[in-house]
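Protein chains in written order, with our numbering: chain D, 26 to 591; chain C, 34 to 263. In this text, a Cβ means the ideal position worked out from N, Cα and C, and glycines have one as well. Reviewing the structure listed below.
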């Protein structure tokens, strides 16, 4: 470990005002830093040291959270970790002051009990420094810092904290660095002009260019202000421009010096999902030779090496550039587009050979459900076709919103069959990527009577005979008198009025029964008939219009399968 | 639809089958109102006479023998005036709303559809030998931002601002001939909204060649004015 003061940012000639502090006398700054590290009365964010009086004050606050003023003899040391408004890795040691979720919902204070009763509290987890309502990651959530929210309907949510990886922290320098590594996917600087000098459009604006790069669709990509970013694997950071004629353009960001690959020996074996594997195995688990990454034959693909300089897509070596469960490659076998590779594991265990999943035998359960199964609390976890259920708190292979947060009373535990949305019977999402959900392999408790879905009262299969839609071309009612009160002539009759065009024979589909009013020619004014009055050949009838049909657009009565192909 | 799966019967009740006057299916379409159907202009190239077309609703099988089937004549055709591949059909009489016939929702004007939104397409089109011929099929895949879709290795600048891309980068599933005019819908809360009209593609289900759909949110004003004035 280097000098203890390396972890601090030094500022000469300033003093900060803070209630929480402790006084010591030390001979130098290092000893004072040791006092700060050892402080137990509060989270020490830094210290003040006075050279003349050799005073050491450990501080609970820093320049981010309190007032600063000038003091000739004092030197302020602040722990860098508390200055960073960005996270390293999953942000377990993030100590910034972001206090709203990525949707912008203010965070609930960790010490408060409402609107949500927290599991993580400052008392229970002192080391997590759950201060105020700042985003934190006390449980090492892989998705980064989060907080309980002040929205009663949302118990917790994640925060949009930019990554810090690759930044070189210089003492006294602004923590956001003006250079980029690789293709700049992790660039967080504030350059906001393109290579040709055009001003960048704000990411949260849709003018002059509409786009889908919104915070909602690209969380965690630090799409802030109008700063150049690379959220989509471009060659380098870019932005939409304020010029109506130029939709987007690259920005010129200087490159930082490259870092060596993160894993030393590890690169010849895999740990975790092998995303840092840099070995030279170039054959898949089934024995196919890998296709070179810089070739588009036999398989066209988007993993173009110079577009992803940090993914080391060299030659045809197995790699894991996209977070798969293990390294893979496109194959030279035209019928096998891509396959996993078998790579020795770094911890000496047998390599993870990607066997084809064998469907587990469906567990025969003798359980049953009452009514429509909303109250079912059994442990059945297979569908009627024998597919295994996906766990409710998992979003893979199927993303969904049936979570215990949204359905707290539905007992969505494990992957047990449940009926959180009052469907006809218990169901679950399946682990089969091609089948989103299915009903479960359960019987109803009072016999095996198949439950037919009740028909909503407002839907009838037959048109209402007493009124007409639009021009009434489908009218099949029995009104047989014109609007003026004349009786209608039979359609099949030729007296008193002879007609040969509109007859039951010539218009079999128009419902020309007896002498009922009809609209065989789609007359815009609605149904009519020939009359029995010799002086009047035909007249309109007076049929009331039906009320507009009530329906909810986009809502099918039968739930779609939603099969999605990967 | 290439790959994907056979849908649950009538789980896409806005899907319609556009047919010749003698009942041959040749394009899809979407019921957006009891008397209005949205489809693609290029489906109407064969003839500009409304009587050449029929609209079938409430069907699951292409044979259309179910009791729930409703058949309607077309009263009038409206092609988008600036040659976008979208058109409206006015039915001679409104469809009857049943469990098997329900209109889809339309998006807000200029609604933003981000990359990676999971959307679904349906149709009775060519399956390229995958199972399900003759049944209404469905498949789902993410929307791909135009900026990415226009990259050289994808559709290389062919996609226009009023169009959107959707598909799997590895290919494998897609819409195909006979699905044109049909809906691309995305789930919004608990209902489906039609964001696209199936329009064109370079082959079907090819890697790096997503399908292209007309961006419906661009044409909400046009759709509204046609429906209100006719």
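Taking residue i as the reference, which of the options has the closest Cα?
| i | options | result |
| --- | --- | --- |
| residue 63/C | 212/C, 242/C, 234/C and 233/C | 212/C |
| residue 237/C | 202/C, 74/C, 113/C and 71/C | 202/C |
| residue 239/C | 324/D, 426/D, 53/D and 128/D | 324/D |
| residue 243/D | 134/C, 177/C, 127/C and 114/C | 177/C |
| residue 295/D | 117/D, 353/D, 82/D and 232/D | 353/D |
| residue 593/D | 493/D, 415/D, 440/D and 426/D | Lying before the first or after the last residue shown, residue 593/D is absent from chain D, which here runs from 26 to 591. |
| residue 497/D | 546/D, 516/D and 464/D | 546/D |
| residue 143/D | 127/D, 369/D, 85/D and 180/D | 180/D |
| residue 355/D | 57/D, 338/D and 370/D | 338/D |
| residue 75/C | 262/C, 232/C and 90/C | 232/C |
| residue 417/D | 532/D, 453/D and 579/D | 453/D |
| residue 440/D | 470/D, 424/D and 406/D | 406/D |
| residue 57/C | 38/C, 69/C and 87/C | 87/C |
| residue 222/C | 169/C, 181/C, 166/C and 150/C | 150/C |
| residue 143/C | 260/C, 195/C and 103/C | 195/C |
| residue 124/C | 115/C, 110/C and 131/C | 110/C |
| residue 29/D | 525/D, 62/D, 304/D and 317/D | 62/D |
| residue 443/D | 408/D, 424/D, 421/D and 422/D | 408/D |
Using a 10 Å radius around the Cβ and a threshold of 16 neighbouring Cβ atoms, would you call residue i buried or exposed?
| i | result |
| --- | --- |
| residue 187/C | buried |
| residue 587/D | buried |
| residue 347/D | exposed |
| residue 92/D | exposed |
| residue 480/D | Unreliable positioning characterises residue 480/D in this predicted model, as indicated by a pLDDT of 31, which lies under 50. The coordinate reading is nonetheless provided below. Its Cβ having fewer than 16 others within 10 Å, residue 480/D is exposed. |
| residue 248/C | buried |
| residue 127/C | buried |
| residue 60/D | buried |
| residue 134/C | buried |
| residue 207/C | buried |
| residue 244/C | buried |
| residue 550/D | exposed |
| residue 190/C | exposed |
| residue 381/D | For residue 381/D, the predicted structure reports a pLDDT of 39, less than 50, and the residue's modelled location is therefore unreliable. A value from the coordinates is still provided. It is exposed - the Cβ of residue 381/D has fewer than 16 other Cβ atoms within 10 Å. |
| residue 331/D | exposed |
Is residue j closer than 8 Å to residue i when the C-beta atoms are compared?
| i | j | result |
| --- | --- | --- |
| residue 507/D | residue 564/D | yes |
| residue 228/C | residue 152/C | yes |
| residue 33/D | residue 104/D | yes |
| residue 504/D | residue 571/D | no |
| residue 122/D | residue 136/D | no |
| residue 450/D | residue 403/D | no |
| residue 281/D | residue 253/D | no |
| residue 207/D | residue 334/D | yes |
| residue 100/D | residue 164/D | no |
| residue 267/D | residue 299/D | no |
| residue 75/D | residue 98/D | yes |
| residue 310/D | residue 364/D | yes |
| residue 237/D | residue 146/C | yes |
| residue 341/D | residue 315/D | yes |
| residue 216/C | residue 163/C | no |
| residue 182/D | residue 239/D | no |
| residue 40/C | residue 584/D | no |
| residue 186/D | residue 89/D | no |
| residue 552/D | residue 544/D | yes |
| residue 252/C | residue 117/C | yes |
| residue 130/D | residue 167/D | no |
Between residue i and chain A, is there a C-beta pair that is closer than 8 Å?
| i | result |
| --- | --- |
| residue 366/D | Among the protein chains in the structure shown, which are D and C, there is no chain A. |
Would you say the beta carbon of residue i comes nearer than 7 Å to a heavy atom of the ligand HEM?
| i | result |
| --- | --- |
| residue 165/D | Within the structure as shown, the ligand HEM is missing, as the structure has no ligands at all. |
Short-range partners of chain D found in the region 116 to 140 of chain C, where Cβ spacing is below 7 Å
Those would be 125, 126, 127, 129, 130, 131, 132, 135, 136, 137 and 138, in chain order.
Where are the beta strand (DSSP E) runs, 3 residues long or more, that stay fully inside the region 409 to 455 of chain D, in chain order?
For the region 409 to 455 of chain D, whole beta strand (DSSP E) runs of length 3 or above, ordered along the chain, are 452 to 454.
If the cut-off is 8 Å on Cβ atoms, which residues from the region 306 to 338 of chain D count as contacting chain C, listed in chain order?
Answer in chain order: 321, 324, 325, 326, 327 and 329.
Contact set between the region 401 to 422 of chain D and chain C, restricted to residues whose Cβ is under 7 Å from the partner
Residues of the region 401 to 422 of chain D with a Cβ closer than 7 Å to any Cβ of chain C: none.
Against chain D: residues of the region 234 to 262 of chain C by CB proximity under 7 Å:
Considering only beta carbons, the part of the region 234 to 262 of chain C lying closer than 7 Å to chain D consists of 240 and 241, in chain order.
Scan the region 40 to 51 of chain C for residues whose Cβ lies nearer than 8 Å to a Cβ of chain D and list them as they occur along the chain.
Under the 8 Å Cβ criterion, the region 40 to 51 of chain C contributes 40, 41, 42, 43, 44, 45, 46 and 47.
Proximal residues, the region 231 to 243 of chain D versus chain C, C-beta separation under 8 Å
With the criterion set as a beta carbon lying under 8 Å from some beta carbon of chain C, the members of the region 231 to 243 of chain D are 231, 235, 236, 237, 238, 239, 241, 242 and 243, in sequence order.
As an exercise, report each continuous alpha helix (DSSP H) stretch of at least 4 residues that is fully enclosed by the region 78 to 150 of chain D, in chain order.
Listed in chain order, nothing qualifies, since the region 78 to 150 of chain D has no complete alpha helix (DSSP H) run of 4 or more residues.
Please list, in chain order, the residues of the region 206 to 229 of chain D that have any C-beta partner in chain C closer than 8 Å.
Hits within the stretch: zero.
Under 8 Å, CB to CB, which of the residues in the region 246 to 271 of chain D have a partner in chain C?
So the close ones are 257.
Write down every uninterrupted run of the beta strand (DSSP E) in the region 157 to 240 of chain C whose length is 3 residues or greater and which is fully enclosed by it, in chain order.
As for any beta strand (DSSP E) of minimum length 3 sitting wholly inside the region 157 to 240 of chain C, the runs are 170 to 177, 196 to 199, 216 to 221 and 224 to 233, ordered along the chain.
Taking a cut of 7 Å between CB atoms, which residues from the region 160 to 193 of chain D lie near chain C?
Hits within the stretch: zero.
Residues of the region 92 to 115 of chain C with Cβ closer than 7 Å to any Cβ of chain D, in chain order
Cβ proximity to chain D below 7 Å picks out nothing from the region 92 to 115 of chain C.
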